[in-house]
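Novice: Can you read through this structure? Questions will come right after.
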Amino acid sequence: MYSFFESVYQVIAQIPYAKVASYGQIACLLGNPQQARTVGWALKKCPDGLPWHRVVKADGSLAAGEYVELQQAILCSEGVFFTPDGKVDMEVFQWDGSPLFFDS
DNA sequence: CCACTGACTAGAG
DNA sequence: TCTCTAGCCAGTG
Numbered sequence: 356m357y358s359f360f361e362s363v364y365q366v367i368a369q370i371p372y373a374k375v376a377s378y379g380q381i382a383c384l385l386g387n388p389q390q391a392r393t394v395g396w397a398l399k400k401c402p403d404g405l406p407w408h409r410v411v412k413a414d415g416s417l418a419a420g421e422y423v424e425l426q427q428a429i430l431c432s433e434g435v436f437f438t439p440d441g442k443v444d445m446e447v448f449q450w451d452g453s454p455l456f457f458d459s
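Numbering (my numbering), first residue to last: 356 to 459.
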């Protein structure tokens with residue numbers, strides 16, 4: 356079952372420690388820069404072992420709905436610093452997409 | 001098969 | 001600079 360969601364999960368699974376990626380960035384890696392919404396919807400499925408906390412909005416703010424504080428807590432635990440605005444410093448922590456491994 | 005929803009993004013007021 | 005609106009695709013009912 357290699358659906359769009361599966362691709363989303365694989366990409367997110369490749370996000371390295373102490374790094375974050377925006378929905379649009381993930382969508383771009385999948386080849387569809389406009390599908391940021393669909394990516395977020397895939398995150399809502401939230402499969403086991405998926406580092407959904409490493410996925411943030413384009414401006415660096417969190418987007419996990421009611422799990423926002425949980426996401427911030429996990430990211431803080433991973434070593435990601437937050438600005439007083441409650442946003443991630445994208446200039447420092449945004450994933451560049453290098454460690455991608457399109458296996459199988 | 002048709003319609004609605006959704007953890008977004010970018011542009012305009 | 002902040003807030004609001006429109007558009008996008010895939011999945012579920």
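From the three backbone atoms N, C-alpha and C, an ideal C-beta is built for every residue, glycine too. Being a predicted model, the structure only gives us computed values, none of them experimental.
Are valine 375 and arginine 409 touching if we call contact CB-CB under 7 Å?
Specialist: Yes. Within cutoff.
Novice: Quick check on aspartate 444: does DSSP put it in helix, strand or coil?
Specialist: coil
Novice: Is there contact between the region 373-391 and the region 409-419, where contact requires at least three CB pairs shorter than 8 Å?
Specialist: yes
Novice: For proline 388, collect the residues of the same chain with a Cβ closer than 8 Å to its Cβ; drop the 5 residues on either side in sequence, then sort them by chain order.
Specialist: Gly379 and Ala382
Novice: Pull up the distance between the alpha-carbon of lysine 442 and that of serine 358, whole angstroms please.
Specialist: 31 Å
Novice: On the DSSP letters alone, give me the boundaries of the alpha helix (DSSP H) that tryptophan 396 sits inside.
Specialist: Where tryptophan 396 is concerned, the enclosing alpha helix (DSSP H) starts and stops at 391-400.
Novice: Considering only their Cβ atoms, is the gap separating isoleucine 370 from proline 406 smaller than 7 Å?
Specialist: yes
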